[in-house]
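K.L.:
Have a look at the structure that comes next, please.
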Amino acid sequence: MSKEIKYNSVKDLPTMVVSTGSMLINKTGGWRSVRPIINYEKCTSCMICWKFCPEICISAEEKPVIDLDYCKGCGICAEECPKGAIDLVPEGK
Ligand code: SF4
Ligand code: SF4
């Protein structure tokens, strides 16, 4: 049986690595090894990629726009795009 642990303040937390800033401070795009590129000729603006992006870094404009400062390159958008309109290319190429 697990024992419930209660923390009353931040000082009660065990020592660990934590982020003290929001995702607006932590630009997770630096983790990326592949970069999603949208082919706007194939894109139908269905916004499925926007819906599935776990970083919420795709904006729903007239066409989707990816904010590469926050894109981790997970590839979910490319996997979910029904039109095959997103390619993942290695960073630096
Ligand atoms: S899922 Fe694909 S087709 Fe739909 S908006 Fe995104 S890139 Fe365009
Ligand atoms: S690769 Fe991942 S983090 Fe980047 S835009 Fe696509 S779904 Fe979002």
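Once you know that position 10 of the sequence shown is 9 in the working numbering, the rest is easy, because the numbers rise by one and skip nothing. All C-beta atoms, glycine included, are put in the ideal place defined by N, C-alpha and C.
(1) Going by the C-beta, is ILE47 closer than 7 Å to any heavy atom of ligand 1?
(2) Compare the beta carbon distance of CYS80 and ILE57 with 8 Å and say whether it is the shorter of the two.
(3) Does chain C have any CB closer than 8 Å to the CB of CYS56?
(4) Terminal residues of the continuous alpha helix (DSSP H) containing ALA84?
(5) Taking the CB atoms as reference points, tell me whether ILE55 and ILE85 lie closer together than 8 Å.
P.N.:
According to the data block:
(1) The residue labelled residue 47 in the question sits at position 48 within the sequence shown. Because some heavy atom of ligand 1 lies under 7 Å away, the Cβ of ILE47 counts as near it: yes.
(2) Taking the first residue of the sequence shown as position 1, residue 80 is located at position 81. Taking the first residue of the sequence shown as position 1, residue 57 is located at position 58. No, the pair does not count as a contact, with Cβ atoms beyond the cut-off.
(3) Of the protein chains in this structure there is only one, and it is not chain C.
(4) The residue given as residue 84 occupies position 85 in the sequence shown. ALA84 -> no alpha helix (DSSP H), and no H or E assigned at all.
(5) For the purposes of this step, residue 55 is identified with residue 56 of the sequence shown, where counting begins at 1. For the purposes of this step, residue 85 is identified with residue 86 of the sequence shown, where counting begins at 1. No.
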